[in-house]
Amino acid sequence: MPLFRYELFKELINHGAKFDNNVIIDPSTSNTLKEFGLGLVTSHIQELSLVDVIRDPFPIFGSEGGMWIGYKLTEYGRGLAYSDEKIREAVSQLMGPETSEIAKSVIKLIDECKQKNINENYRDDFFRTLEEISICFDQECYIATISLCGKILEVGIKEILIRNNIEFDEKMMLGRLIRLVREQMPAEYLDPSLEDLSKVISRSRNSAIHSNERIPIPSRDQTVMVIYALRDVVRRTLLYF
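What the sequence shown shows, in numbering that gives the first Met the number 0, is residues 0 to 240, in sequence order.
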């Protein structure tokens, strides 16, 4: 099964829906697609043309420069436009089995967060990261899932410190942030397993950086524990204050 990037899939659909049926869509006119890069965009267009989401892929000179693959949306693809729920379902169906209960719990967390005033400085990236967590988990990409969870957990822990006017170095990693909360705010509840989980997260992040090193692949159970910790921290720090 192809491994689709949710945000790229969504932008191909939503950008394409801005144009009439018979217009060849130029990916280079979307800043988001340009950021993903020619290679990744082209591979997605090719894959999606095989599953009746995109049609008529065709080499073009991009209006913003360079050679790109233009495309049109099928009626099915056009019907997905501007609906996060429909696009998520389509990605899950194309990538494999039905969405797991764990992934659904992350999607539910996204819906809860969208009802709250998440800090606009990181709001878009926050939701994008949670969406990728749900997809990566169901694709059994546990290293990526755990690494992304670490990113969200750092946001939550930093919010605790900011709320309590405790200074910290922005470059601090999750383990040090957790220790700082425990030292400076002993009454603040944090999941007792967080420090151990932060070590699992650190190992997963290191594997993404040092690809030549042999690092143990986290198990599904470890990944589920990290996701549960993430949900708890997000709900305590970002939703109810």
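For every residue, glycine included, the Cβ atom is placed at its ideal position computed from N, Cα and C.
**Asked** Got a sec? Which residues, its chain only, sit under 8 Å from Asp51 by beta carbon, not counting five neighbours each side?
**Response** Thr73, Tyr75, Gly76
**Item:** Top-ranked residue by Cα proximity to His43, from Tyr70, Gly65, Lys17, Lys85
**Value:** Looking at the Cα atoms, Tyr70 is the closest of the given residues.
**Prompt:** Can you round the beta-carbon distance between Lys33 and Glu63 to whole angstroms, since I take them to be within the 8 Å contact cut?
**Reply:** Going by Cβ atoms, the distance from Lys33 to Glu63 rounds to 7 Å, so yes, they are a contact pair.
**Request:** Go through its chain and collect everything with a Cβ distance to Phe57's Cβ below 8 Å, but skip five positions before and after it.
**Result:** Ile23, Ile68, Gly69, Tyr70
**Item:** With 16 other Cβ atoms within 10 Å as the buried cut-off, status of Ile208
**Value:** Bear in mind that the predicted position of Ile208 carries a pLDDT of just 47, short of 50, making it too unreliable to give a figure here.
**Asked** Arg54 bridges to which residues according to DSSP?
**Response** Lys71
**Prompt:** Which same chain residues, not among the five before or five after Val223, have their C-beta less than 7 Å away from its C-beta?
**Reply:** Ile101
**Message:** Suppose you measure from the CA of Asp83 to the CA of Cys140; what does that come to, to the nearest Å?
**Reply:** 22 Å
**Message:** Please tell me whether Ser146 and Ser203 are closer than 7 Å, where the distance is taken between their beta carbons.
**Reply:** yes
**Request:** Since I believe Val90 is in contact with Tyr121 (beta carbons under 8 Å), could you give me their beta-carbon distance rounded to a whole number of angstroms?
**Result:** Rounded, the Cβ-Cβ distance is 23 Å, inconsistent with contact.
**Request:** Compare the beta carbon distance of Ile159 and Thr98 with 7 Å and say whether it is the shorter of the two.
**Result:** no
**Message:** Quick check: the Cα distance between Ser210 and Asn21, rounded to an integer number of angstroms?
**Reply:** Annotation note: pLDDT 47 at Ser210 (below 50); position unreliable, no value reported.
**Prompt:** Are the beta-carbon atoms belonging to Leu165 and Ser197 less than 7 Å from one another?
**Reply:** First, the amino acid is wrong: residue 165 is Ile here, not Leu. Cβ distance not < 7 Å, so Ile165 and Ser197 don't count as in contact.
**Request:** Measure the C-alpha to C-alpha separation of Val232 and Arg127 and round it to an integer number of angstroms.
**Result:** 18 Å
**Prompt:** Relative to the C-alpha of Lys150, which residue among Leu193, His14, Asp55, Ile200 is closest?
**Reply:** Ile200
**Request:** Express the C-alpha separation of Val40 and Leu7 in angstroms, rounding to a whole number.
**Result:** 7 Å
**Message:** Tell me the rounded alpha-carbon separation between Phe18 and Thr144.
**Reply:** 35 Å
**Item:** Closest residue to Ile86 among Met66, Phe3, Ala186 (Cα-Cα distance)
**Value:** Phe3
**Asked** Within 10 angstroms of its Cβ, does Ser27 collect 16 or more other Cβ (buried), or is it exposed?
**Response** buried
**Prompt:** Exposed or buried, which one is Ser29 when buried takes at least 16 other CB atoms within 10 Å?
**Reply:** buried
**Asked** I think Ile216 touches Phe136, with their Cβ atoms under 8 Å apart; what is that distance to the nearest whole Å?
**Response** About 14 Å; that fails the 8 Å criterion.
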